[in-house]
Amino acid sequence: MAIKKNQYTPYQEKIASYGKALSHPARVFIMDYLANNTDRCCYSGDMAENLPIARSTLSEHLKELKKAGLIQGEINPPYIKYCVNRENWAEARIMFAEFFNR
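Take 1173 as the starting number for the sequence shown in our numbering and just add one per residue.
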């Protein structure tokens, strides 16, 4: 049995990771909420009040965005303050713009 070599470039892997992270309306809401917040950070409890989903579901969405590197969390027990990872957010914006302008 032949082992298949990965045919995807690091660029393709990265943009797919960002795309997957943004593939749910709740995650798009979260990114929009954080990006439009004056300090680009807030506690998950603040977001929970504005989303019609359970806190546990919100936590899973935050986990996916964090896994992709679009957000980062600052732990202040018992709270976690989430912020946009500005470097990766800027990279994602550029990558998507380039991708869709091809």
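Ideal Cβ placement from N, Cα and C applies to all residues, glycine included.
Delimiting residues of the alpha helix (DSSP H) encompassing residue i
{"i": "N1248", "result": "Where N1248 is concerned, there is no enclosing alpha helix (DSSP H), although the beta strand (DSSP E) it sits in stretches over I1243 to N1248."}
{"i": "Y1183", "result": "P1182 to A1193"}
Sub-8 angstroms separation of residue i and residue j beta-carbons
{"i": "N1222", "j": "L1242", "result": "no"}
{"i": "Y1215", "j": "I1247", "result": "no"}
{"i": "A1193", "j": "E1232", "result": "no"}
Inter-residue Cα distance where the pair is residue i and residue j
{"i": "D1211", "j": "H1196", "result": "24 angstroms"}
{"i": "E1259", "j": "G1245", "result": "15 angstroms"}
Option nearest residue i by Cα separation, candidates the options
{"i": "D1204", "options": "E1270, W1261, F1268 and Q1184", "result": "W1261"}
{"i": "R1265", "options": "A1207, P1224 and Q1179", "result": "A1207"}
{"i": "R1199", "options": "E1270, F1272, Y1254 and N1178", "result": "Y1254"}
{"i": "E1270", "options": "P1182, I1225, I1187 and K1177", "result": "I1187"}
Legend entry - Segments assigned beta strand (DSSP E), at least 3 residues, entirely inside the stretch 1189-1273: Listed in chain order, the complete beta strand (DSSP E) runs (minimum 3 residues) inside the stretch 1189-1273 are 1213-1215, 1243-1248 and 1251-1256.
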